[in-house]
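Numbering (our numbering), first residue to last: 1 to 219.
Ideal placement from N, C-alpha and C gives every residue a C-beta, glycine not left out.
Note that this is a predicted model, so its numbers are computed, not measured.
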Amino acid sequence: MTSPPTPDQAADEYFEYHFAHRVTPDHHEIFLECQEQLKILVTKYPGYISSESTELRSEGDIFVAETVIRFDTLENFMGWIDSPERRQLIYLEENAGYQFEGKVNTEGYSRWLKRKLSKPSPVWKINLLVLLVLYPTVMGFNLLFRKPDFIDFPTWMLFGNFCSVSITGWFAVPWVSGIYQRWLEGQGTKKEQALALVTIILALLLLLQLFRVVFQQLA
Numbered sequence: 001m002t003s004p005p006t007p008d009q010a011a012d013e014y015f016e017y018h019f020a021h022r023v024t025p026d027h028h029e030i031f032l033e034c035q036e037q038l039k040i041l042v043t044k045y046p047g048y049i050s051s052e053s054t055e056l057r058s059e060g061d062i063f064v065a066e067t068v069i070r071f072d073t074l075e076n077f078m079g080w081i082d083s084p085e086r087r088q089l090i091y092l093e094e095n096a097g098y099q100f101e102g103k104v105n106t107e108g109y110s111r112w113l114k115r116k117l118s119k120p121s122p123v124w125k126i127n128l129l130v131l132l133v134l135y136p137t138v139m140g141f142n143l144l145f146r147k148p149d150f151i152d153f154p155t156w157m158l159f160g161n162f163c164s165v166s167i168t169g170w171f172a173v174p175w176v177s178g179i180y181q182r183w184l185e186g187q188g189t190k191k192e193q194a195l196a197l198v199t200i201i202l203a204l205l206l207l208l209q210l211f212r213v214v215f216q217q218l219a
């Protein structure tokens with residue numbers, strides 16, 4: 001297990017992603033073997049900073065654990081996630097009954113976003129903007145796509161998370177942060193700052209109502 005970033009390392013110098021693992025007792029050994037190979041392989045990729053994993057713990061009939069991985073940029077992280085070497089190892093685990101869930105740490109987006117600003121921005125502003133981007137991205141994906149019968153759940157989760165990270169990291173976050181850059185940096189009058197905040201809250205409420213209506217119609 002590689003050590004996490006040191007206290008001297010600035011918090012905005014890396015992108016962080018979380019994996020939640022679910023392993024059946026029969027596939028405990030192959031999971032550990034593949035994870036060890038992944039730990040070695042990831043260190044060879046550009047931008048890798050660190051990773052750490054919790055010990056497998058029993059929850060009923062399965063074992064669960066979590067892995068946190070950090071890269072210097074979102075682009076380098078995506079290079080690792082989409083690499084054929086990683087895909088090959090994950091495929092071996094999937095065939096052995098392994099399941100996982102991927103989760104973007106919003107702080108990872110926050111740190112990445114801070115580097116795009118010319119002035120410091122309060123954490124709550126950045127988190128609110130990340131929420132404005134992530135919420136419709138995840139909901140939209142769940143509405144537009146349904147898992148085909150010929151694709152297993154772990155592969156579908158990988159595809160979903162790859163799409164979400166790609167959309168938010170390469171398009172949505174840069175676009176929205178450009179629109180609200182003055183608000184993020186505290187520029188403008190108090191009235192302009194308040195108006196920008198109101199538009200974000202209204203946008204989230206409108207998105208909430210929209211998705212409620214859509215899901216009710218699909219039910």
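1) Hey, Phe19 and Thr67: beta-carbon distance below 7 Å or not?
2) Given this structure, state the Cα-to-Cα distance separating Leu89 from Ala196, to the nearest angstrom.
3) Report all residues from its chain with a CB closer than 7 Å to the CB of Thr137; omit the five preceding and five following residues, and keep chain order.
4) Let me know the secondary structure DSSP gives Ile151 once reduced to three states.
5) Could you work out which residue in Lys191, Phe77 and Leu158 is closest to Gly47 when comparing CA atoms only?
6) For Leu74 versus Phe15, is the C-beta distance shorter than 7 Å?
7) Do Ser51 and Ile69 have their C-beta atoms within less than 7 Å of each other?
8) I need the DSSP call for Tyr48, collapsed to helix, strand or coil.
9) With H, G and I counted as helix, E and B as strand and the rest as coil, what does DSSP make of Phe145?
10) Quick one: what's got a C-beta closer than 7 Å to Leu132's C-beta in the same chain, skipping five residues either side?
11) Check each candidate in His27, Ser58, Ile81 and Asp26 and name the one with the smallest Cα separation from Leu38.
12) Where does Tyr17 sit, in a helix, a strand or coil, going by DSSP?
On the basis of the data shown:
1) As a position in the sequence shown, residue 19 is number 19, starting the count at 1. As a position in the sequence shown, residue 67 is number 67, starting the count at 1. A contact, by the Cβ cut-off of 7 Å.
2) Counted from its first residue, the sequence shown places residue 89 at position 89. Counted from its first residue, the sequence shown places residue 196 at position 196. Taking the straight line from one Cα to the other gives about 46 Å.
3) Counting from 1 along the sequence shown, the entry for residue 137 is found at position 137. These residues qualify, in order along the chain: Ser164, Ile167, Thr168 and Ala172.
4) The residue given as residue 151 occupies position 151 in the sequence shown. The answer is coil: DSSP assigns Ile151 none of H, G, I, E or B.
5) For this step, residue 47 is matched to residue 47 along the sequence shown. When each option's Cα is compared against that of Gly47, the closest is Phe77.
6) The residue you call residue 74 lines up with position 74 of the sequence shown. The residue you call residue 15 lines up with position 15 of the sequence shown. The answer is yes: Cβ separation under 7 Å.
7) Numbered from its first residue, the sequence shown carries residue 51 at position 51. Numbered from its first residue, the sequence shown carries residue 69 at position 69. Cβ atoms of Ser51 and Ile69: closer than 7 Å.
8) Residue 48 sits at position 48 when you count from the first residue of the sequence shown. Tyr48: strand per DSSP, three-state reduction.
9) Residue 145 sits at position 145 when you count from the first residue of the sequence shown. In the structure shown, Phe145 sits in coil (DSSP, three-state: anything other than H, G, I, E or B).
10) What you label residue 132 is simply residue 132 of the sequence shown in a count that begins at 1. Val176, Ile200, Ala203 and Leu204.
11) Position 38 of the sequence shown, counted from the first residue, corresponds to residue 38. Considering only alpha carbons, the answer is Ile81.
12) On the sequence shown, position 17 is the one that residue 17 refers to. In the structure shown, Tyr17 sits in a strand (DSSP, three-state: E or B).
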